[in-house]
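First comes the structure, then the notes that go with it.
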Amino acid sequence: MTGELPTRARRNGFLGHEHWTSAVEFPYPCTDRGFRVRGVPGQNQRTRVRLLLVVALSGVAGCTASRSDFRPEETIFAAASVHVPIRLVRNLPLVKVSVNGSSPRWFVLDTGAETSIVSKRLAARLDLQREDSGLDILGAGGESIAADAMCRLSKLRIGDAVFQGAHACILDLAHLRSALGESFDGILGYATFAGCVMTLDYAAMEMILSRTSDLADRTTGDVIRVRGYGRLPVVEATVGELPLSLIIDTGSAETFALPDSLRRVLPFRHGPSPGHRGTTIAGSAHRNQIGRLAAGITLGPHFVDEPLVFLTSGPARIGGGVLRFFRLTFDARSGRVRMERTSDAPLTTPGFRSPGFVLRRSGGGWHVADVLPNTPAFAAGLEEGDRVVTINGIPGARLQPSVWSRIRGHGGPIHLVWQRGTERGQMTVEVADVIP
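To get the working numbering, take the position in the sequence shown, counting from 1, and add 34.
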């Protein structure tokens with residue numbers, strides 16, 4: 035390892051950006067019957083809310099927090115525990131949620147977001163009462179936008195669990211749906227589960243909600259004490275001897291996102307090299323830098339050998355690319371998380387492979403959303419905005435996301451016919467390792 039670690043980073047660990055120490059009020063205080071909101075953002079003040087949600091065009095990256103209180107007023111269970119099926123899209127867990135008695139809608143389960151989010155289209159469909167939010171949303175690149183509004187959700191139902199009186203932001207999520215290639219209507223933030231214990235079992239494809247856990251007095255083995263970053267779960271880790279503080283971010287499809295400011299002191303085996311662009315909650319796009327470390331990352335009793343990492347201008351986090359190998363149990367009241375392995379196999383992360391371009395659905399077809407520099411696709415003259423005519427003989431209007439995912443994952447030649455105005459071209463490229 036070369037370079038010198040900043041003094042404050044040596045002392046407190048490195049979360050990234052200007053955040054060095056633990057934030058306020060973690061774990062959550064509670065009452066016997068549930069959690070009560072002690073105040074929500076008022077109309078005469080503005081609160082800055084971190085929403086680091088980034089949907090990368092080749093994967094999805096992390097999410098965010100607030101210093102306001104978005105906890106439900108009360109959490110009610112029909113039984114001691116509730117089992118709810120999930121589905122995974124690019125390592126992101128999606129769960130069905132009923133809002134104020136509506137038919138169930140897909141929400142992203144995001145422990146990297148404190149506040150929940152309801153899409154603008156769902157808020158309009160349900161005629162949710164809008165309140166002046168007084169909230170500024172900070173994106174992953176530091177950009178700021180004003181939230182559309184806030185709303186009070188009288189009832190959120192997840193399986194047989196009911197969360198009453200939670201507040202949520204209303205935001206337009208259309209650009210994130212487009213980038214993900216899947217429809218969803220909201221984001222379930224970490225504060226939703228302040229009144230219960232939430233287990234996310236990736237291997238079993240289910241979420242389990244419970245009234246209590248046995249984690250309160252344990253900090254040994256796979257039970258890790260967490261501290262708060264604006265009431266988000268943060269665990270201590272090390273890269274070699276370098277201390278890190280990582281947000282446990284189920285709303286990120288990445289492996290690890292580490293601060294770009296550590297580029298000169300992190301030991302890299304390969305890279306870092308340019309990756310594909312990502313789309314933030316504010317709609318901006320940035321090009322990721324990706325590399326493979328020449329050292330492992332240690333998390334409590336767990337070790338990830340020479341992982342693939344993404345460099346970020348936001349806080350450091352561990353995402354679904356690694357979390358999917360665990361069964362996670364979050365107990366916000368005790369400030370502990372259990373990270374159980376679901377396999378004895380060594381923890382490794384695959385390399386970054388790409389055909390050199392990314393496609394996005396739009397207007398009943400597909401267009402090129404990004405072209406990676408220094409790839410055959412770039413050399414062949416493919417440009418952002420080109421319309422897909424056919425791909426491996428399949429007309430763009432008939433290409434389904436699942437089929438495109440299989441074509442990319444197969445690794446064989448991809449034959450693309452594209453249209454740019456009146457110009458038409460074609461090319462054949464291989465899916466290749468960008469970072470081994």
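We put the CB at the ideal spot given by N, CA and C, even for glycine. Quick caveat: nothing in here was measured; it's all calculated off a predicted structure.
C-alpha distance - residue i paired with residue j, whole-angstrom precision
i    : j    : result
G135 : Q434 : 32 Å
V123 : D248 : 31 Å
L143 : A114 : 21 Å
V402 : T289 : 25 Å
L406 : F391 : 6 Å
V116 : F227 : 13 Å
V463 : H449 : 7 Å
T332 : I352 : 12 Å
R387 : Q163 : 45 Å
P138 : I242 : 17 Å
V422 : A411 : 14 Å
T424 : I469 : 28 Å
A291 : G398 : 33 Å
A431 : G419 : 16 Å
P267 : G146 : 8 Å
R372 : V451 : 49 Å
D166 : P447 : 52 Å
I192 : I221 : 13 Å
G459 : W438 : 20 Å
D235 : S368 : 20 Å
F141 : V269 : 25 Å
A112 : T246 : 14 Å
H336 : R370 : 16 Å
R211 : G455 : 26 Å
G348 : G415 : 33 Å
V131 : S396 : 26 Å
H444 : E148 : 37 Å
S279 : R303 : 22 Å
L357 : E216 : 21 Å
M232 : F360 : 14 Å
R265 : S436 : 36 Å
Where residue i sits in the DSSP three-state scheme
i    : result
R442 : helix
V196 : strand
A228 : coil
D144 : coil
P435 : helix
L126 : strand
F359 : coil
G50  : Any reading at G50 needs caution, since the residue's pLDDT is 49, under 50, leaving its predicted position unreliable; the model's value is listed next. DSSP places G50 in strand when its eight states are reduced to three.
D248 : coil
L210 : helix
L162 : coil
R326 : strand
G369 : coil
D420 : coil
A411 : helix
L205 : strand
R186 : strand
G430 : helix
D294 : helix
A157 : helix
G309 : strand
Neighbour-count burial assignment, residue i, 16 or more Cβ in a 10 Å radius
i    : result
S322 : It should be pointed out that residue 322 corresponds to Asn in this sequence rather than to Ser. Classification for N322: buried.
N125 : buried
E59  : Only weak support is given to the placement of E59: the predicted model assigns it a pLDDT of 31, under 50, and the value that follows is read from those uncertain coordinates. It is exposed - the Cβ of E59 has fewer than 16 other Cβ atoms within 10 Å.
M239 : exposed
H310 : buried
E417 : exposed
R363 : With the sequence shown as reference, residue 363 is identified as Thr, and Arg is not the correct amino acid for it. Its Cβ being crowded by 16 or more others within 10 Å, T363 is buried.
G355 : buried
A287 : buried
P63  : Low confidence applies to P63: its pLDDT is 36, below 50, so where it sits in the model is not reliable enough to give any reading.
A195 : buried
P293 : buried
P429 : exposed
A99  : Reliability of the predicted coordinates at A99 is poor, the pLDDT of 36 falling under 50, and the value obtained from them is presented with this limitation in mind. The residue in question, A99, is buried, as its Cβ has 16 or more Cβ neighbours within 10 Å.
G223 : buried
G305 : buried
Presumed contact (8 Å Cβ cut-off) between residue i and residue j, rounded CB distance
i    : j    : result
P127 : T284 : 6 Å
V133 : L156 : 7 Å
A225 : I204 : Not quite, the Cβ-Cβ distance comes to about 16 Å (not below 8 Å), so this is no contact.
A350 : I281 : 7 Å
Residue-chain proximity (residue i, chain D), Cβ-Cβ < 8 Å
i    : result
V260 : The structure shown contains no chain D; it holds only a single protein chain.
Q: Decide yes or no for the touch test of the segment 145–154 against the segment 187–203: beta carbon pairs closer than 8 Å, at least 3 of them.
A: With the cut-off at 8 Å, the segment 145–154 and the segment 187–203 touch.
Q.
Between the segment 299–308 and the segment 365–382, can you find at least three pairs of beta-carbon atoms closer than 8 Å?
A. The segment 299–308 and the segment 365–382 do not touch, with fewer than three beta-carbon pairs separated by less than 8 Å.
Q.
Contact between the segment 343–363 and the segment 323–330 is defined here as three or more beta-carbon pairs at a separation below 8 Å; is this criterion met?
A. Contact holds between the segment 343–363 and the segment 323–330, because three or more Cβ pairs, one in each stretch, are under 8 Å apart.
Q | Stretch-stretch touch, CB-based, cutoff 8 Å, three pairs: the segment 105–114 with the segment 199–218 | A | Look at the beta carbons and you see the segment 105–114 touching the segment 199–218: at least three pairs across the two are nearer than 8 Å.
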